[in-house]
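The next block holds one structure in the form of structure tokens; read it before the comments.
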């Protein structure tokens, strides 16, 4: 019996994208939006959907991804830069099925690397295993130059904001900063975290979307909202008890949306290509557009 046309189309789509790598930067205008918790839960949801996920964590301290998951990360991307470790040796596996690359110290060192160190670092990512489908970057808050560099290098940007006025204002300011210095980056996805109701989240997004379109010429996409969950605590950012609740369903919906985002021509080129772009966009890199970027205004 012939396979239905829609099944054939879906099979072809899967075949075409199975070797593609999608790199997504999650950022926020400041602290308190729940970005790292969102990264952890989104990574877990993507893993449950059959995707191989790597989280690149730009944060340091107990509040980063490994810290919240209770994992001991003895090494960092900086150890790869110093040639003390391979990328494979630095990557940490979580019990939830996704991998983490601690990169807080290493990211800060990128702008100081010479040509030889840059070539070594790019080559280090060429053979990382397993082949990842999605890379989520947990960007450190409050570093405008790094956020811009990550925006230039990743395929998609997810801006996480909470209903707090300060969080919304900071998120909008970050979009304005990136958009003003990165003219070709026009896809921004908004994730409203800790929303009390869906109406509240929709209102926040609608206001942000209207302002961004009118004053910045930027189109925002609504990734969704994560309901406020009082049972969630910093020491347990991924509780099993919430997987069947609206909290877990919200991340499942966000993961499914991300999976079905359309692919662009430059996607699927591998982590080494991402690192090359990131190095070219580092604030200290010579001969790049980043030299024209001033401090955050």
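Residue numbers (my numbering): 1353 to 1649. No residue lacks a Cβ here, since even glycine has one placed at the ideal position from N, Cα and C.
Other residues of its chain near residue i: CB distance less than 8 Å, five sequence neighbours each side excluded
| i | result |
| --- | --- |
| residue 1472 | 1433 and 1435 |
| residue 1515 | 1544, 1546, 1547, 1548, 1552, 1553 and 1556 |
Range of the contiguous alpha helix (DSSP H) that encloses residue i
| i | result |
| --- | --- |
| residue 1469 | 1467 to 1476 |
| residue 1630 | 1623 to 1632 |
| residue 1605 | 1598 to 1611 |
Cα-Cα separation, residue i to residue j
| i | j | result |
| --- | --- | --- |
| residue 1446 | residue 1423 | 8 Å |
| residue 1643 | residue 1518 | With a pLDDT of 34 at residue 1643, under the threshold of 50, the predicted position of this residue should be treated as unreliable, though the coordinate-derived value follows. Approximately 30 Å between the Cα atoms of the pair. |
| residue 1444 | residue 1409 | 11 Å |
| residue 1521 | residue 1396 | 29 Å |
| residue 1386 | residue 1597 | 18 Å |
| residue 1564 | residue 1570 | 5 Å |
| residue 1455 | residue 1438 | 13 Å |
| residue 1561 | residue 1509 | 15 Å |
Residue i - partner residues in DSSP beta bridges
| i | result |
| --- | --- |
| residue 1683 | Limits of the chain in this structure are 1353 at one end and 1649 at the other, which puts residue 1683 out of reach. |
| residue 1375 | 1487 |
| residue 1547 | 1579 |
| residue 1407 | 1452 and 1488 |
Helix, strand or coil at residue i [DSSP, three-state]
| i | result |
| --- | --- |
| residue 1433 | helix |
| residue 1418 | helix |
| residue 1447 | coil |
| residue 1588 | strand |
| residue 1533 | helix |
| residue 1401 | coil |
| residue 1616 | coil |
Contact set for residue i: own chain, Cβ-Cβ below 7 Å, skip 5 residues either direction
| i | result |
| --- | --- |
| residue 1528 | 1568 |
| residue 1383 | 1493 |
| residue 1627 | 1473, 1474 and 1477 |
| residue 1559 | none |
| residue 1550 | 1577 |
Endpoints, the beta strand (DSSP E) within which residue i is located
| i | result |
| --- | --- |
| residue 1512 | 1508 to 1513 |
| residue 1480 | Premise fails: residue 1480 is in no beta strand (DSSP E) and is neither H nor E. |
Residue-level contact to chain C via CB, residue i, 8 Å cutoff
| i | result |
| --- | --- |
| residue 1566 | Although the question refers to chain C, the structure presented lacks it and comprises just one protein chain. |
Residues near residue i by beta carbon distance below 6 Å, same chain, minus five either side
| i | result |
| --- | --- |
| residue 1486 | 1374, 1398, 1403 and 1405 |
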